[in-house]
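Here is the structure we will look at.
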Amino acid sequence: MKRASSIHAAALALVLLGSGCTMPIGLIYTDVVEPLDVNVGDTPVDPRKGHQIGRGDLKRFRYYYMEVGWGDNGIGTIAASLGWKKVHYADKHSVTVLWYWWQEYVDLYGE
Numbered sequence: 018m019k020r021a022s023s024i025h026a027a028a029l030a031l032v033l034l035g036s037g038c039t040m041p042i043g044l045i046y047t048d049v050v051e052p053l054d055v056n057v058g059d060t061p062v063d064p065r066k067g068h069q070i071g072r073g074d075l076k077r078f079r080y081y082y083m084e085v086g087w088g089d090n091g092i093g094t095i096a097a098s099l100g101w102k103k104v105h106y107a108d109k110h111s112v113t114v115l116w117y118w119w120q121e122y123v124d125l126y127g128e
C-alpha cells in the first residue's frame, strides 16, 4: 500500500513539474502565441512611426517517424529580406492540427 501511494505521488509530481516545459498541445487543435523576448517594456511598436511588422512561415507534416518541413522563420532571414536594420522584438505563433500538421509563424517588429 505504501509503495503504491509513493508511485502515485511520484507520477503526480512528474506530471505537475514537467508540464510547464513544453508548449500546450490540444488533441484536435492548438493555437498558441508566445513572445521570443522577455523584456519588451520600452520597446517601440507603433506602426504609424515607421515601425513595420514582418512574418516568417515554417510548415511541418508529421506521420509516425517521418517529418517533412518547409519554409523559413529565421529572424535574421526575415529581417534581411525586408531590408531592416533593427529588430525590436519577435513573437512565435504556433498552430497544430491533430498532431500531424504544425505551422509556426515568427512575427517580427522592427524598422
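Counted the way my numbering counts, the sequence shown spans residues 18 to 128. The beta carbon of each residue, even a glycine, is placed where N, CA and C say it ideally should be. Being a predicted model, the structure only gives us computed values, none of them experimental.
Using only the alpha-carbon positions, how far apart do residue i and residue j sit?
i, j, result
"V123", "S22", "45 Å"
"K76", "L29", "34 Å"
"K19", "L31", "18 Å"
"W101", "G43", "36 Å"
"T94", "D74", "11 Å"
"Q120", "S111", "6 Å"
"Y82", "D54", "32 Å"
"T47", "A26", "29 Å"
"Y106", "Y80", "33 Å"
Just to confirm before moving on: does the CB-CB distance between residue i and residue j stay below 7 Å?
i, j, result
"D89", "V50", "no"
"L125", "G71", "yes"
Less than 8 Å between the CB atoms is what I'm expecting for residue i and residue j, so what's the real figure, rounded?
i, j, result
"F78", "W116", "Their Cβ separation, rounded to whole angstroms, is 11 Å, which puts F78 and W116 out of contact at 8 Å."
Here's a check: name, in chain order, each residue in its chain whose Cβ is nearer than 6 Å to the Cβ of residue i, leaving out the five neighbours to either side.
i, result
"L99", "G71"
"V85", "F78"
"P52", "D108"
"I24", "none"
Excluding five sequence neighbours on each side, which residues of the same chain lie with their C-beta closer than 8 Å to the C-beta of residue i?
i, result
"A96", "G71, V104, L125, G127"
Which residues in the same chain as residue i place their Cβ atom closer than 7 Å to its Cβ, once the five residues preceding and following it in sequence are excluded?
i, result
"W87", "K76"
"I45", "L115"
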